[in-house]
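Chemist: Got a structure here, written out as structure tokens. Questions coming.
2 protein chains.
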Amino acid sequence: MHDTPQFSTRQRILGAAEELFAERGFAGASLRQVTSAAKVNLAAVNYHFGSKDNLIEEVFRRRLDELSRRRLERLAEIADEATLESVLDAFITPALELSLDRKGGSVFMRVLARAFAEHNTHLRKFLSENYGYVLKDFAAAFANLLPQLDKEELYWRLDIAVGALTYAMADFGVIQRRPGETERTHREQMARHLIHFTAAGLRA
Amino acid sequence: MHDTPQFSTRQRILGAAEELFAERGFAGASLRQVTSAAKVNLAAVNYHFGSKDNLIEEVFRRRLDELSRRRLERLAEIADEATLESVLDAFITPALELSLDRKGGSVFMRVLARAFAEHNTHLRKFLSENYGYVLKDFAAAFANLLPQLDKEELYWRLDIAVGALTYAMADFGVIQRRPGETERTHREQMARHLIHFTAAGLRA
DNA sequence: CTAGACTTCAAACGATTGTTTGAAACGGGC
DNA sequence: GCCCGTTTCAAACAATCGTTTGAAGTCTAG
């Protein structure tokens, strides 16, 4: 009997890959760095995932499946009392909770933002085909709340809104958590400002 | 006498590096790909720039020196009749013109957005040390126009605004140029929506 | 025309990349 | 006990990485 690893090889790889992809990018993080951080053998990646590209997709799938489910769940919950603020909250809060799920903070959201930065056709197609329906549902909810905007105007504003949300949730900005502040309250403040700012931009 | 290349070796390398960094990232674009695209010898990069890291910095310097100058120039021009919209315009329009400067479109703005995605300490320090004063000046202008906001509230909103601008100018969004539309009018529309949206978010 | 500085070139350096291999170790069912 | 599918392992694969080298080429000043 040995270390009795708390998590399976698959999970250890996914966790280490997520952190290293966030820190160094998909090309910048090598499989040797990943397997070394996960304390598994180098060949384990190709055994369990087939290739590095498949590992990248699996890193997204593991988080986005649940994130998408929770977002649509909250959107359904508020359906009859929807406001711009509550719909934005339905989109943001699940991401906020996800980013607080692990001690490291906003690791996965940084990976997700990298996926936007990569103009990688294959990756964008994968994300759009598998999770595009979430954005579609939210776009419909916003369309109901902003009947004065024509379709083109609405899409422009949603595009800008998604940009602000992505950028902020990935912690790209310059604002750092203040010393006396917990990670949770810092990010809750950010979410509050995000909702306020974006709602104003949408209905301007 | 041979090809009489229209541009110097240095310029060809910088141009090719910019495009490949935008497309594949800093780690993802190799010096062999860069020198091959620039049609220069592989060793030319280390001869003219010393290292790949120095080449990356030079790619930023070449564009940001002029971009910063133009932004502050426009900011000074509108000093006595400043509105949220005109200050945002002073920030956005120079970037818009830059992105239309070359046939490819928003190449450099995508590279700049990658610099945010890279959490790379060295790169962030370089950008902050060399171009941080631009953001400082604009922050001061916004502070004058939004006296009702305390410092912390203002910084949150500016952080979110910069996120929206960066994301949009880098063309991360899903909105594509419509077939019958020129690149110029497409990006001018984007700038118009950006200013409208962001101004509303700032004064909400 | 030649001397000398600047630039380009093909070739190679050791290190690192993603992936593959075949054998060793493991673990539950008989 | 043994068997067999699953998993892990060290080792090696060819390919590519950033960088260095020393010779060849180019150009201008005297």
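Line order of the protein sequences matches chains A and B. The first sequence begins at 90 in the working numbering and counts up one residue at a time. The second sequence begins at 90 in the working numbering and counts up one residue at a time. Ideal Cβ placement from N, Cα and C applies to all residues, glycine included. None of the values given here were measured: they were computed from a predicted structure.
Taking the alpha carbon of A259 of chain B as the reference point, which residue from A:R203, A:T98, A:R152, A:S157 has its own alpha carbon closest?
Modeler: The count along the second sequence starts at 1 and reaches residue 259 of chain B at position 170. Per the Cα distances, A:R203.
Chemist: Taking only the alpha-carbon atoms, compute the straight-line gap between R163 of chain A and V148 of chain B and give it to the nearest angstrom.
Modeler: The residue given as residue 163 of chain A occupies position 74 in the first sequence. The residue given as residue 148 of chain B occupies position 59 in the second sequence. Answer to the nearest angstrom: the Cα atoms are 44 Å apart.
Chemist: Where does P268 of chain A fall in DSSP's three states?
Modeler: Position 179 of the first sequence, counted from the first residue, corresponds to residue 268 of chain A. DSSP places P268 of chain A in coil when its eight states are reduced to three.
Chemist: When the cut-off is 8 Å and only beta carbons count, does Y220 of chain B lie next to chain A?
Modeler: By one-based count along the second sequence, residue 220 of chain B stands at place 131. Cβ-Cβ to chain A under 8 Å: no for Y220 of chain B.
Chemist: If we define contact as Cβ-Cβ less than 8 Å, is A253 of chain B a contact residue for chain A?
Modeler: As a working mapping, residue 253 of chain B is identified with position 164 in the second sequence. So, interface residue.
Chemist: Which residue's Cα is closest to the Cα of T255 of chain A: A:R213, A:F215, A:L201, A:Y222?
Modeler: Locating residue 255 of chain A in the first sequence gives position 166, counting from the first residue. T255 of chain A has its Cα closest to that of A:L201, out of A:R213, A:F215, A:L201, A:Y222.
Chemist: Can you list, in chain order, the residues of its chain with a C-beta nearer than 8 Å to that of A126 of chain B? Leave out the 5 residues immediately preceding and following it.
Modeler: By 1-based counting over the second sequence, the position of residue 126 of chain B is 37. So the qualifying residues of the chain are A105, E108, L109.
Chemist: Is it buried or exposed for D239 of chain A, if we count other Cβ within 10 angstroms and need 16 for buried?
Modeler: Taking the first residue of the first sequence as position 1, residue 239 of chain A is located at position 150. D239 of chain A is exposed by the Cβ-count criterion.
Chemist: Rounded to the nearest angstrom, how far is the Cβ of G114 of chain B from that of F286 of chain A, given a contact under 8 Å?
Modeler: Sequence index remark: in the second sequence, residue 114 of chain B carries index 25 (1-based). Sequence index remark: in the first sequence, residue 286 of chain A carries index 197 (1-based). 29 Å between Cβ atoms; not a contact.
Chemist: Would L283 of chain A count as contacting chain B if we go by Cβ distances under 8 Å?
Modeler: In the first sequence, counting from the first residue as 1, residue 283 of chain A sits at position 194. With 8 Å as the cut-off, L283 of chain A counts as an interface residue toward chain B.
Chemist: When Cβ atoms are compared, which residues of the stretch 216-249 of chain B fall closer than 7 Å to chain A?
Modeler: Result list: Y244, W245, R246, D248, I249.
Chemist: Following the continuous alpha helix (DSSP H) through K128 of chain B, name the residue where it begins and the one where it ends.
Modeler: The residue you call residue 128 of chain B lines up with position 39 of the second sequence. Per DSSP, K128 of chain B belongs to no alpha helix (DSSP H) and is neither H nor E.
Chemist: Does T98 of chain B come out as helix, strand or coil in the three-state DSSP assignment?
Modeler: Start at 1 with the first residue of the second sequence, and residue 98 of chain B comes out as number 9. The answer is helix: DSSP assigns T98 of chain B an H, G or I state.
Chemist: With H, G and I counted as helix, E and B as strand and the rest as coil, what does DSSP make of G104 of chain A?
Modeler: Position 15 of the first sequence, counted from the start, is the residue given in the question as residue 104 of chain A. In this structure, G104 of chain A counts as helix in the three-state DSSP scheme.
Chemist: Any idea if A288 of chain B is buried or exposed, counting beta-carbon neighbours within 10 angstroms, 16 or more meaning buried?
Modeler: Along the second sequence, one-based indexing puts residue 288 of chain B at 199. So A288 of chain B counts as buried.
Chemist: Please determine if the stretch 225-237 of chain B and the stretch 167-174 of chain A are in contact, where contact requires at least 3 C-beta pairs separated by less than 8 Å.
Modeler: Touching, no, given that fewer than three Cβ pairs across the two stretches are closer than 8 Å.
Chemist: Give me the Cβ distance between A133 of chain A and T124 of chain A, rounded to the nearest whole Å; I'm assuming they're in contact under 8 Å.
Modeler: As a working mapping, residue 133 of chain A is identified with position 44 in the first sequence. As a working mapping, residue 124 of chain A is identified with position 35 in the first sequence. Yes, they are in contact, since the Cβ atoms of A133 of chain A and T124 of chain A sit about 6 Å apart, within 8 Å.
Chemist: Is it right to say A179 of chain B is buried, meaning 16 or more other beta carbons lie within 10 angstroms of its own, or is it exposed?
Modeler: Walking along the second sequence from the start, residue 179 of chain B turns up at place 90. Label assigned to A179 of chain B: buried.
Chemist: So is F96 of chain B buried or exposed if we call it buried at 16+ other beta carbons inside 10 Å?
Modeler: Numbered from 1 along the second sequence, position 7 holds the residue referred to as residue 96 of chain B. F96 of chain B comes out exposed.
Chemist: Ordered along the chain, which non-local residues of its own chain (more than five positions away) have a Cβ less than 7 Å from that of L212 of chain B?
Modeler: Within the second sequence, residue 212 of chain B is the residue found at index 123, counting from 1. If we look at L212 of chain B and ignore the five residues flanking it on each side, its Cβ neighbours are A204.
Chemist: May I ask you to report which of helix, strand or coil DSSP gives P236 of chain A?
Modeler: Within the first sequence, the letter at position 147 stands for residue 236 of chain A. If DSSP states are grouped into helix, strand and coil, P236 of chain A belongs with coil.
Chemist: Nearest chain B C-beta to V200 of chain A closer than 8 Å, yes or no?
Modeler: For the purposes of this step, residue 200 of chain A is identified with residue 111 of the first sequence, where counting begins at 1. No, its Cβ sits nowhere closer than 8 Å to a Cβ of chain B.
Chemist: Check for me: the alpha helix (DSSP H) holding D190 of chain A runs from which residue to which?
Modeler: For the purposes of this step, residue 190 of chain A is taken as residue 101 along the first sequence, with counting starting at 1. Counting along the chain, the alpha helix (DSSP H) containing D190 of chain A begins and ends at 173-190.
Chemist: Between I264 of chain B and chain A, is there a C-beta pair that is closer than 8 Å?
Modeler: Reading the second sequence from its first residue, position 175 is the one you call residue 264 of chain B. For I264 of chain B, the answer is yes, since a Cβ of chain A falls inside 8 Å of its Cβ.
Chemist: At a CB-CB cut-off below 7 Å, which residues of chain B make contact with R121 of chain A?
Modeler: What you label residue 121 of chain A is simply residue 32 of the first sequence in a count that begins at 1. Within chain B, no residue comes near R121 of chain A; the closest Cβ sits about 15 Å away, beyond 7 Å.
Chemist: Show which residues of chain A have a CB atom less than 7 Å away from the CB atom of G117 of chain B.
Modeler: The residue given as residue 117 of chain B occupies position 28 in the second sequence. Within chain A, the residues near G117 of chain B are A116.
Chemist: Do L283 of chain A and A253 of chain A have their CB atoms nearer than 8 Å?
Modeler: If you number the first sequence from 1, residue 283 of chain A lands on position 194. If you number the first sequence from 1, residue 253 of chain A lands on position 164. Yes, the pair counts as a contact, with Cβ atoms nearer than the cut-off.
Chemist: If you compare alpha carbons, which of A:K141, A:A257, A:G221, A:L185 is closest to T274 of chain A?
Modeler: Your numbering for residue 274 of chain A matches position 185 in the first sequence. That would be A:L185, whose Cα lies nearest to the Cα of T274 of chain A.
Chemist: Please compile the residues from chain A whose C-beta is within a distance smaller than 9 Å of the C-beta of F85 of chain B.
Modeler: In the structure as shown, chain B begins at 90 and stops at 293. Residue 85 of chain B is therefore absent and cannot be evaluated.
Chemist: Going by alpha carbons, who is nearest to N209 of chain A out of B:R199, B:L243, B:T210?
Modeler: Within the first sequence, numbered from 1, the residue matching residue 209 of chain A stands at position 120. That would be B:R199, whose Cα lies nearest to the Cα of N209 of chain A.
Chemist: Classify I145 of chain B as helix, strand or coil using the three-state DSSP reduction.
Modeler: On the second sequence, residue 145 of chain B is found 56 positions in, with the first residue counted as 1. Three-state result, I145 of chain B: helix.
Chemist: With a threshold of 8 Å between beta-carbons, can G104 of chain A be considered close to chain B, or not?
Modeler: Your numbering for residue 104 of chain A matches position 15 in the first sequence. Output row for G104 of chain A: interface = no.
Chemist: To the nearest angstrom, report how far apart M279 of chain A and W245 of chain B are at their CA atoms.
Modeler: The residue labelled residue 279 of chain A in the question sits at position 190 within the first sequence. The residue labelled residue 245 of chain B in the question sits at position 156 within the second sequence. For M279 of chain A and W245 of chain B, the distance between alpha carbons rounds to 8 Å.
Chemist: Just to confirm my understanding: we take S175 of chain B, look at its own chain, exclude 5 residues before and 5 after, and list those with CB closer than 7 Å. What are they?
Modeler: If you number the second sequence from 1, residue 175 of chain B lands on position 86. Here the set comprises I167.
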